[in-house]
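Heads up: the sequence shown begins at 303 in my numbering, then just goes up one per residue. Heads up, the beta-carbon is just placed ideally off N, CA and C, and yes, glycines get one too. Here the structure is laid out as structure tokens; the discussion comes afterwards.
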Amino acid sequence: QVQLVESGGGLVQPGGTLRLSCAASGIIFSGSAVAWHRQAPGKQRELVASIPAIGSTKYADSVKGRFTISRENAKNTVYLQMNSLKPEDTAVYYCNVVTRYLVSYWGQGTQVTVSS
């Protein structure tokens with residue numbers, strides 16, 4: 303049974319920092335592409351950052367220079383370090399893993415709210 307468990311969301315003031323984690327189980331994590339997406343109220347889900355199994359990271363233009371995605375294959379975990387947070391970063395953040403067989407899995411989402 304595949305599980306993706308996200309953590310690290312919460313309420314933070316503008317300019318603040320959060321670190322999201324997504325721990326995967328039941329899949330071969332090291333050969334998978336991983337990504338973070340987000341969905342704000344009334345908006346479509348959008349890709350925030352991604353790391354392929356082999357290759358370079360990619361970021362949405364809106365988060366470049368502020369967010370960093372990383373993975374720790376030994377722990378089956380992907381992280382999203384979010385710095386200089388803005389109110390427009392407020393959204394539910396979802397972890398996504400796509401296996402080498404192109405099967406896609408999603409976490410349950412974690413709320414990030416940036417507000418003073």
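Unbroken beta strand (DSSP E) run spanning S358, endpoints
Here residue 358 refers to the residue found at position 56 of the sequence shown. It is not in any beta strand (DSSP E) - S358 carries neither H nor E in the DSSP assignment.
Looking at L387: is its Cβ nearer than 7 Å to the Cβ of V365?
If you number the sequence shown from 1, residue 387 lands on position 85. If you number the sequence shown from 1, residue 365 lands on position 63. Taking 7 Å as the Cβ cut-off, L387 and V365 do not qualify as a contacting pair.
Paired residues, beta bridge with T412 - DSSP:
Reading the sequence shown from its first residue, position 110 is the one you call residue 412. In DSSP, T412 forms a bridge with Y395.
Compute the distance between the beta-carbons of S327 and A355, then report whether it is under 7 Å.
Residue numbering aside, residue 327 sits at position 25 when the sequence shown is read from its first letter. Residue numbering aside, residue 355 sits at position 53 when the sequence shown is read from its first letter. Contact flag unset, no.
Looking at A351 and W338, is the spacing between their C-beta atoms short of 7 Å?
Residue numbering aside, residue 338 sits at position 36 when the sequence shown is read from its first letter. Residue numbering aside, residue 351 sits at position 49 when the sequence shown is read from its first letter. Cβ distance < 7 Å, so W338 and A351 count as in contact.
Exposed or buried, A376, counting other C-beta atoms within 10 Å across all chains shown (16 or more means buried)?
The residue you call residue 376 lines up with position 74 of the sequence shown. Counting other Cβ atoms within 10 Å of its Cβ, A376 stays below 16 and is therefore classed as exposed.
Classify E348: buried if its beta carbon has 16 or more other beta carbons within 10 angstroms, exposed otherwise.
The count along the sequence shown starts at 1 and reaches residue 348 at position 46. Exposed: under 16 other Cβ atoms inside 10 Å.
Could you pull out every residue in the same chain whose Cβ sits closer than 7 Å to the Cβ of Q410, ignoring the five residues on either side in sequence?
Stepping through the sequence shown from its first residue, residue 410 is reached at position 108. Same-chain partners within the cutoff: E308.
Beta-carbon proximity of Y395 to L322, cut-off 7 Å:
Taking the first residue of the sequence shown as position 1, residue 395 is located at position 93. Taking the first residue of the sequence shown as position 1, residue 322 is located at position 20. Against a cut-off of 7 Å, the Cβ pair of L322 and Y395 comes out as a contact.
I think A393 touches Q315, with their Cβ atoms under 8 Å apart; what is that distance to the nearest whole Å?
For the purposes of this step, residue 393 is identified with residue 91 of the sequence shown, where counting begins at 1. For the purposes of this step, residue 315 is identified with residue 13 of the sequence shown, where counting begins at 1. Contact doesn't hold; Cβ gap of about 16 Å is too wide.
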